[in-house]
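Worksheet: one structure, shown below.
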Amino acid sequence: MTEGTYEQVITELDRLGIKYGMVDHPAAETTEQADKYIEGHEGVRTKTMFLKGKKKHFYLVIMDDQKPMDFKEFQELTGAKRVSMARPDDLQEQLGSHAGVVSPFGLMNNEEHNIKVYFDQDMLAEDPILTFHPNVNTHTIFIKTTDLMKFIKEQGYDPEIIDL
Numbered sequence: 001m002t003e004g005t006y007e008q009v010i011t012e013l014d015r016l017g018i019k020y021g022m023v024d025h026p027a028a029e030t031t032e033q034a035d036k037y038i039e040g041h042e043g044v045r046t047k048t049m050f051l052k053g054k055k056k057h058f059y060l061v062i063m064d065d066q067k068p069m070d071f072k073e074f075q076e077l078t079g080a081k082r083v084s085m086a087r088p089d090d091l092q093e094q095l096g097s098h099a100g101v102v103s104p105f106g107l108m109n110n111e112e113h114n115i116k117v118y119f120d121q122d123m124l125a126e127d128p129i130l131t132f133h134p135n136v137n138t139h140t141i142f143i144k145t146t147d148l149m150k151f152i153k154e155q156g157y158d159p160e161i162i163d164l
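Mapping the sequence shown onto the UniProt record's numbering, position 82 (from 1) lands on 82, and the numbers just tick up by one.
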């Protein structure tokens, strides 16, 4: 698998003409740590969860990092069955990533295109700028929602907006 590294993320954003902001910081293993490093910068603090359902169905769910994930509601909204957090080996295999670094930029590594992408609509109403790790947890990228959608679509995905 070709791994979409930090440098490849930046190259792809540049190729697509997408403007972004970047903050370099010490490694952040949790959203709480990352939030401290980017205090004072504008943007919705996000969490990206990689979920696995019945029959090896995979889901990438992007939402405000302060909002709790309701698995039952997610299943009702999407029709997904028996959804839980994906195992570390699934994360590595599908996104070339590990816990603490999951972001939509990992979709560059998903050669099978077997992941459904969902955004929580509340987060999108709050602020047009979202924050993510660009496949490494020593940087946080700030990107407009419309530009992130463009990036995701260019990777071959059609993200859905749901009300969690």
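Virtual Cβ for every residue (Gly too), placed ideally from N, Cα, C.
7 Å Cβ shell around residue 54 - same chain, five flanking residues per side excluded
The residue you call residue 54 lines up with position 54 of the sequence shown. Once the five neighbours on either side are set aside, the close Cβ partners of residue 54 are 81 and 82.
Residue 38 and residue 23 look like a contact to me (Cβ under 8 Å); what is the Cβ gap, rounded to whole Å?
Residue mapping note: residue 38 aligns to position 38 of the sequence shown, counting from 1. Residue mapping note: residue 23 aligns to position 23 of the sequence shown, counting from 1. Contact flag correct, Cβ pair sits at about 5 Å.
Taking residue 7 as the reference, which of 147, 152, 105 and 115 has the closest Cα?
Your numbering for residue 7 matches position 7 in the sequence shown. The residue with the shortest Cα to Cα distance from residue 7 is 105.
Over what stretch of residues does the beta strand (DSSP E) that includes residue 22 continue unbroken?
Here the question's residue 22 lines up with position 22 in the sequence shown. That run of the beta strand (DSSP E) goes 21-24.
Residues near residue 180 in its chain [Cβ-Cβ closer than 7 Å; skip 5 each side]
There is no way to answer for residue 180, as the model of the chain reaches only from 1 to 164.
Cutoff 7 Å; reference residue 119; Cβ partners in own chain excluding five residues on either side:
Here residue 119 corresponds to residue number 119 of the sequence shown, with the count starting at 1. Around residue 119: 62, 159 and 161.
Backbone secondary structure at residue 1 - three-state DSSP
Here residue 1 is taken as the residue at index 1 of the sequence shown, counted from 1. Its pLDDT being 35, under 50, residue 1 is placed unreliably in this model, and the coordinates cannot settle the point.
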